[in-house]
Amino acid sequence: MTPKTLWKNLVSVNTFKGLLTLAVILGLVVFPAAPAAAFFTKLNYTTANHGAREIFSFAIPPGAQKPTLALTEPKQLLLTIPDILALPSGTFHLDQSRWIHSFAVASIPEAKMGLMVTIGLKQANLSFRSKIGPEDPVAGSIFEFEIDEQPKPDPTQPMEIREGLVLPGRDGTLLVLSHTGTTEIEKNIEKGANPVVRIHMKAAKLADTWRPLDPGGLVENVFVYEFPEGHAELEVLLNEKADAVHFYESTKAGYFIVEILGPRDIGRSNNAKQIIANREYDLEQGVSKPLHSIFPLYEPAATEVVLLDKHITEDYFWKEAKDAEKERHYDQARAYLGSLLDTFPDTPNREVIDFLMLDFHRRMGWKPGWLLYELEAVLARHPNTPNYSHYRFMQLKLLNESGRFESALSLMHDPNLPRDKGALLLENAKTNIGLANTHPGDPKFIQEAENHLQQVLSLTNGHGDKAASALFLLAKTNDLKQDHRAAIATLDQITAEHLGYLGKNPDHIMGIADIYYKYGHYQQAFQHYAMFMDAFHTRERTVPWAMLRAAEASFQLSRSAETQGRKSKSKEHFADAKRLFARLQKQFPGSDAAVWGKILELTMEQALTFKQRLEKLDQVIKTIALPNALAEAYLTRAELLGQDGQFRESLETLNSLLNMTQSIAVIRRADRLKKSLLVKGMAAALDEGRPEFASLLGEIYGHDWRQDPEFPQARIHLAEALMQLGSNQAAQHILERLEDPAAEALRQLAQTLIADDWLQSARKEGKLGGIITREVARVRLAEAKSRLSKNEWEAVQLILEPLPDGLLSEKDKDRRLRYMAKAELGRGRFPHAVKNYEFLLGNRPMGDGVDYYDYATVIQLWKGDEKALPSFVKIADEATDKEISALANIRVGDILQRNGDLEGAKGRYQKAAELAPGTSWAKISSENASQLEMALEVGR
367 MTPKTLWKNL
377 VSVNTFKGLL
387 TLAVILGLVV
397 FPAAPAAAFF
407 TKLNYTTANH
417 GAREIFSFAI
427 PPGAQKPTLA
437 LTEPKQLLLT
447 IPDILALPSG
457 TFHLDQSRWI
467 HSFAVASIPE
477 AKMGLMVTIG
487 LKQANLSFRS
497 KIGPEDPVAG
507 SIFEFEIDEQ
517 PKPDPTQPME
527 IREGLVLPGR
537 DGTLLVLSHT
547 GTTEIEKNIE
557 KGANPVVRIH
567 MKAAKLADTW
577 RPLDPGGLVE
587 NVFVYEFPEG
597 HAELEVLLNE
607 KADAVHFYES
617 TKAGYFIVEI
627 LGPRDIGRSN
637 NAKQIIANRE
647 YDLEQGVSKP
657 LHSIFPLYEP
667 AATEVVLLDK
677 HITEDYFWKE
687 AKDAEKERHY
697 DQARAYLGSL
707 LDTFPDTPNR
717 EVIDFLMLDF
727 HRRMGWKPGW
737 LLYELEAVLA
747 RHPNTPNYSH
757 YRFMQLKLLN
767 ESGRFESALS
777 LMHDPNLPRD
787 KGALLLENAK
797 TNIGLANTHP
807 GDPKFIQEAE
817 NHLQQVLSLT
827 NGHGDKAASA
837 LFLLAKTNDL
847 KQDHRAAIAT
857 LDQITAEHLG
867 YLGKNPDHIM
877 GIADIYYKYG
887 HYQQAFQHYA
897 MFMDAFHTRE
907 RTVPWAMLRA
917 AEASFQLSRS
927 AETQGRKSKS
937 KEHFADAKRL
947 FARLQKQFPG
957 SDAAVWGKIL
967 ELTMEQALTF
977 KQRLEKLDQV
987 IKTIALPNAL
997 AEAYLTRAEL
1007 LGQDGQFRES
1017 LETLNSLLNM
1027 TQSIAVIRRA
1037 DRLKKSLLVK
1047 GMAAALDEGR
1057 PEFASLLGEI
1067 YGHDWRQDPE
1077 FPQARIHLAE
1087 ALMQLGSNQA
1097 AQHILERLED
1107 PAAEALRQLA
1117 QTLIADDWLQ
1127 SARKEGKLGG
1137 IITREVARVR
1147 LAEAKSRLSK
1157 NEWEAVQLIL
1167 EPLPDGLLSE
1177 KDKDRRLRYM
1187 AKAELGRGRF
1197 PHAVKNYEFL
1207 LGNRPMGDGV
1217 DYYDYATVIQ
1227 LWKGDEKALP
1237 SFVKIADEAT
1247 DKEISALANI
1257 RVGDILQRNG
1267 DLEGAKGRYQ
1277 KAAELAPGTS
1287 WAKISSENAS
1297 QLEMALEVGR
């Protein structure tokens, strides 16, 4: 059952029953029950003046948007109540009403929460007015509206001030007062920095229909005072830009108008005179219209044309357009209005039609730039429309939405904007966020945006739709600053109530999910993507992206669960990801997101080898025409290469991507990934004992980051690599102004090694002092290796002696023992050399036999042939390295020959020659075997 059908079934003609049920269906299935409960209210009904005035009231939640009441047809009121799910009433029935004959309830188009109550009136020209009470942070506030009949003004009666309107416009501001009766009126203008107009009325009072006026345009506020002697005075506070004031009055019309102009305003005297003339004409016709009749309404025109042999008036097209609007077929409604204008180009309803068409275009989802172009054209035709402030604010919002932030900034201080401080602060924040994006090097825009958003939160006490929007924008601002913790902390402040408001805008839910995803909070990201797909499943442009990100989030959750050892949970998330990827390809096969899905799904193909995945990805890349999808493919390729340890190729892939894109978002992602891969690649190279490759990765990165404070870990890695390669002075330069314990330790070591007398100092201490970190330990190992090549045995021992095992990998521990053994051997300290080799070898299997060969060599030098022979035999028979085995066979042959075992020696020489053919010792071994054969022949 569609929402439209539900409305028809649930809303009866005589009562609001059924709204509660509908709210559950439309609201609670999308948003949590806790916030939804705050959006129910109750309609109360009373009467006054013996039933001549009907009064309606209801509570609205804290921070909710103010309801609006407007006349849409001469006998039809539209009550719009944002952020409310249900409005039940048990006290109002149509058969009791003097003025209302029908009402119909519908949801606000394109909104998840909010009601539109269309009130049918029993007669035209009824008066209505509304007010909103003070807001309680818990209970909210009370909205009240009244309907009654306003009598004609009577010049013979005492003066009563009935109503007032402030009408901003491009050419100036009008303050229109409606009254009955006559009295002496004194007008006084006080000029200055804050001009004031005082209107003193003798023998006057306020009618009970008077309501405080909303300021606007060049009117900052209006205060009304009643004096005990029966006088009344209006104090009109003007904007500092006010430059001239004019007055127009008509006792017959019962209107008093104040025209306020700025220095460049051309004036609205014609508007003021026309308002009075229209009022006088209506009264002459016996019609007393309320003040709000100034707002234009569609009025039937008598002009006819003949189309297809039928006499047609404007009413035909208007009725068809309104019927299509009710069905939410806005394209059809727009077409009918277009035909009306084509058929009746001189229609007196042009203003009404122009703005209604603009509203249809908005509901049709026109792009902000298109809407803005049309709005500016309409405002140029109707520069002083009574709704000028509303459309001026729409212009500001569209400037922001279309990316014209400089223009939005210049419009921000226009006095014709509505005096809704919270809404203006939010738009100002959006403008500054946009400017921060286009001026990334200027921090003032971010600061301005944060300041405005904090003001909104303070102004609203953290409640309502503006507070919810402020939190969302604050999270985006922190994301723009790349402040991960602040962005997530702000999102975590979004309550269920806030989510209820944000849920009306799909971009907000998607934006929340994207920030959570970006910073690795995949569970929250998945929840919000799922919420988006459920609540906005008809948005075919965006749903594929939500599905794609939800699949990615599931895959990341699977990887995380696998790392934590939760295998069943990992399989569950993995299955979810696979299903979502498959659903994406099935439901939206031609979408851009589906192309992304093909790319990202390759990262999940566990059954494929790395080479197979890379080949499939390269095939996909050849078919991609979309720049953003191509960028995603390159990013994925770089990640795959990095996961396989091919860091050089990974960085080169990202460099290629950066050379082909101008997208700020892609550049930021690529830079983040490059930085991460650089650090991981350099760390892996240093772990593998390849400092030259770590240094090469730094060169491949693409720009000089060696003094960049954003690269602390990479700078430490590069300094270590350079020191391992012997470039201590270059390493010192890289470590300048880098505050880190590892950096400080490397700095100290570099200074020590550069000094000429470090060996003498170390000899006195018995060791080389200084802070020892993992990086320092590896540099010392490299320095020891260099000293070994120069036969600086004592230096090697002083460098290596104090290294703790806990800072060394198993491979580095072996290197340390090996270097110590060789240094001891160089100094002729055979027992110490043997001890180090025994620690090195332990119960280790033979392997290539290199260390065992060196160990046997030391034993031979220290204890002679007999003690070394078993070791050389074992090496000769078991070493996997053929050259080492060949050398060991030669050593065994030499010992056997010296011991007189010529036959055994000959066999060892022959085996050595066979194991390493083509080598110099193979030739020598063959000659030795031949000579021994000759000796054996002689002996026979």
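Per the numbering used here, residue 367 is the first one in the sequence shown, and the count goes up by one each step. Virtual Cβ for every residue (Gly too), placed ideally from N, Cα, C. Note that the coordinates shown come from a computational prediction; the quantities given were computed from them, not determined experimentally.
#1: Would you mind working out which of K557, H566, E686, V532 sits nearest I623, comparing C-alpha positions?
#2: I'd like the span of the beta strand (DSSP E) that includes R528, first residue to last.
#3: Where K1040 and E1065 are concerned, what is the direct C-alpha to C-alpha distance, given to the nearest angstrom?
#4: If you drop the 5 nearest sequence neighbours on each side, which residues of the same chain put their C-beta closer than 7 Å to that of L857?
#5: With a threshold of 16 other CB atoms inside 10 Å of the CB of N1255, please say whether the residue is buried or exposed.
#6: Tell me, please, which residues DSSP counts as bridged to R495.
#7: I'd like to check one pair, L409 with S496: are the Cβ atoms closer than 8 Å?
#8: In terms of DSSP beta bridges, what is A610 paired with?
#9: Can you grab the Cα-Cα spacing for the pair Q1028 / P1170, in whole Å?
#10: DSSP on H467, reduced to helix/strand/coil?
#11: Quick check: R634 and G538, are their CB atoms within less than 8 Å of each other?
#12: Is it buried or exposed for V1258, if we count other Cβ within 10 angstroms and need 16 for buried?
#13: So, under 8 Å CB-CB, Y1218 and L1207 are touching, yes? Tell me the CB distance rounded to an integer number of Å.
#14: Contact check, E529 vs T546 under 8 Å by CB: the rounded distance?
#15: Going straight from the alpha carbon of I1100 to that of V1045, what length do you get?
#16: What residues are listed by DSSP as bridge partners for E420?
#17: Measure the alpha-carbon distance for L310 versus I1241 and round it to whole angstroms.
#18: Quick one: is R700 buried, meaning 16 or more other Cβ sit within 10 Å of its Cβ, or exposed?
#19: Between which two residues does the beta strand (DSSP E) containing P448 stretch?
#20: Could you give the residue range of the alpha helix (DSSP H) that holds K944?
#21: What is the DSSP secondary structure of I1100, reduced to helix, strand or coil?
#22: Are the beta-carbon atoms of E1015 and L1007 separated by less than 8 Å?
#23: Alpha carbon to alpha carbon, how far is R758 from V822?
#24: Between L765, L657, P781, R1034, which has its C-alpha nearest K884's C-alpha?
#25: Look up I551 in the DSSP assignment and say whether it is helix, strand or coil.
#26: Classify N1157 as buried or exposed, calling it buried when 16 or more other Cβ atoms lie within 10 Å of its own Cβ.
#27: Taking the alpha-carbon positions, what's the R716 to L703 distance?
#28: Taking one C-beta from the segment 1130-1144 and one from the segment 1113-1121 each time, how about it: are there three or more such pairs within less than 8 Å?
#29: With a Cβ-Cβ cutoff of 8 Å, do A1097 and L1104 count as a contact?
#30: Do the CB positions of K553 and A490 come within less than 8 Å of each other?
#31: Who does L437 pair with in a DSSP beta bridge?
#32: Which term fits D984, buried or exposed, when burial requires 16 or more other beta carbons within 10 angstroms of its beta carbon?
#33: Output the distance between the C-alpha atoms of F1059 and T797, rounded to the nearest integer angstrom.
#34: Exposed or buried, A836, counting other C-beta atoms within 10 Å across all chains shown (16 or more means buried)?
#35: Return the bridge partner residues of Y591 from the DSSP annotation.
#36: Between P662, L663, L707, which lies nearest to Y682 when the distance is taken from Cα to Cα?
Taking the geometry as given:
#1: Here residue 623 refers to the residue found at position 257 when the sequence shown is read from its first residue. Comparing Cα positions, the closest option is V532.
#2: Position 162 of the sequence shown, counting from 1, holds the residue named residue 528. The continuous beta strand (DSSP E) containing R528 extends over residues 525-533.
#3: Residue mapping note: residue 1040 aligns to position 674 of the sequence shown, counting from 1. Residue mapping note: residue 1065 aligns to position 699 of the sequence shown, counting from 1. In a straight line, the C-alpha of K1040 is about 13 Å away from that of E1065.
#4: For the purposes of this step, residue 857 is taken as the residue at position 491 of the sequence shown. Excluding residues within five positions, the ones whose Cβ falls inside 7 Å are A841, I878, I881, Y882.
#5: Counting from 1 along the sequence shown, the entry for residue 1255 is found at position 889. By the 16-neighbour rule on beta-carbons within 10 angstroms, N1255 is buried.
#6: Along the sequence shown, one-based indexing puts residue 495 at 129. In DSSP, R495 forms a bridge with E512.
#7: Stepping through the sequence shown from its first residue, residue 496 is reached at position 130. Stepping through the sequence shown from its first residue, residue 409 is reached at position 43. In terms of Cβ geometry, S496 and L409 do not form a close pair [threshold 8 Å].
#8: Position 244 of the sequence shown, counting from 1, holds the residue named residue 610. Under DSSP, A610 takes part in a beta bridge, and its partners are L627.
#9: Working through the sequence shown from its first residue, we reach residue 1028 at position 662. Working through the sequence shown from its first residue, we reach residue 1170 at position 804. So the two alpha carbons sit approximately 50 Å from each other.
#10: Within the sequence shown, numbered from 1, the residue matching residue 467 stands at position 101. Here H467 sits in strand by DSSP.
#11: On the sequence shown, position 268 is the one that residue 634 refers to. On the sequence shown, position 172 is the one that residue 538 refers to. Contact annotation: R634 and G538 have beta-carbon atoms nearer than 8 Å.
#12: To locate residue 1258, count along the sequence shown from 1; it is residue 892. Counting every other CB atom within 10 Å of its CB across the protein chains shown gives V1258 a total of 16 or more, marking it as buried.
#13: Reading the sequence shown from its first residue, position 852 is the one you call residue 1218. Reading the sequence shown from its first residue, position 841 is the one you call residue 1207. Right, their Cβ atoms sit about 7 Å apart.
#14: For the purposes of this step, residue 529 is taken as residue 163 along the sequence shown, with counting starting at 1. For the purposes of this step, residue 546 is taken as residue 180 along the sequence shown, with counting starting at 1. Between the beta-carbon of E529 and that of T546 there is about 11 Å, and that puts the pair past the 8 Å contact cut.
#15: As a position in the sequence shown, residue 1100 is number 734, starting the count at 1. As a position in the sequence shown, residue 1045 is number 679, starting the count at 1. Going by C-alpha positions, I1100 is about 15 Å away from V1045.
#16: By 1-based counting over the sequence shown, the position of residue 420 is 54. DSSP lists T413, I513 as partners of E420.
#17: Absent from the structure is residue 310, since the part of the chain shown begins at 367 and ends at 1306.
#18: Indexing the sequence shown from 1 puts residue 700 at position 334. By the 10 Å Cβ count, R700 comes out buried.
#19: In the sequence shown, residue 448 corresponds to position 82, counting from 1. Segment 442-448, the beta strand (DSSP E) holding P448.
#20: Here residue 944 refers to the residue found at position 578 of the sequence shown. Note, K944: alpha helix (DSSP H), 933-953.
#21: Along the sequence shown, one-based indexing puts residue 1100 at 734. Helix, per DSSP.
#22: Along the sequence shown, one-based indexing puts residue 1015 at 649. Along the sequence shown, one-based indexing puts residue 1007 at 641. It is a contact, given that the beta carbons lie within the stated cut-off.
#23: As a position in the sequence shown, residue 758 is number 392, starting the count at 1. As a position in the sequence shown, residue 822 is number 456, starting the count at 1. For R758 and V822, the distance between alpha carbons rounds to 21 Å.
#24: The residue you call residue 884 lines up with position 518 of the sequence shown. Ranking the options by Cα distance to K884, first place goes to R1034.
#25: To locate residue 551, count along the sequence shown from 1; it is residue 185. Looking at I551 - three-state DSSP - the assignment turns out to be strand.
#26: The residue given as residue 1157 occupies position 791 in the sequence shown. Label assigned to N1157: exposed.
#27: The residue given as residue 716 occupies position 350 in the sequence shown. The residue given as residue 703 occupies position 337 in the sequence shown. Cα atoms of R716 and L703: separation of roughly 10 Å, rounded to the nearest angstrom.
#28: Contact holds: three or more Cβ-Cβ distances are below 8 Å.
#29: In the sequence shown, counting from the first residue as 1, residue 1097 sits at position 731. In the sequence shown, counting from the first residue as 1, residue 1104 sits at position 738. A1097 places its beta carbon 8 Å or farther from that of L1104.
#30: The residue given as residue 553 occupies position 187 in the sequence shown. The residue given as residue 490 occupies position 124 in the sequence shown. One thing to note: K553 has its Cβ no nearer than 8 Å to the Cβ of A490.
#31: On the sequence shown, residue 437 is found 71 positions in, with the first residue counted as 1. DSSP output for L437 lists L443 as bridge partner(s).
#32: The count along the sequence shown starts at 1 and reaches residue 984 at position 618. Counting other Cβ atoms within 10 Å of its Cβ, D984 stays below 16 and is therefore classed as exposed.
#33: For this step, residue 1059 is matched to residue 693 along the sequence shown. For this step, residue 797 is matched to residue 431 along the sequence shown. Whole-angstrom Cα-Cα distance: 46 Å.
#34: By one-based count along the sequence shown, residue 836 stands at place 470. A836 is buried by the Cβ-count criterion.
#35: Indexing the sequence shown from 1 puts residue 591 at position 225. In DSSP, Y591 forms a bridge with E599.
#36: Within the sequence shown, the letter at position 316 stands for residue 682. Ranking the options by Cα distance to Y682, first place goes to L707.
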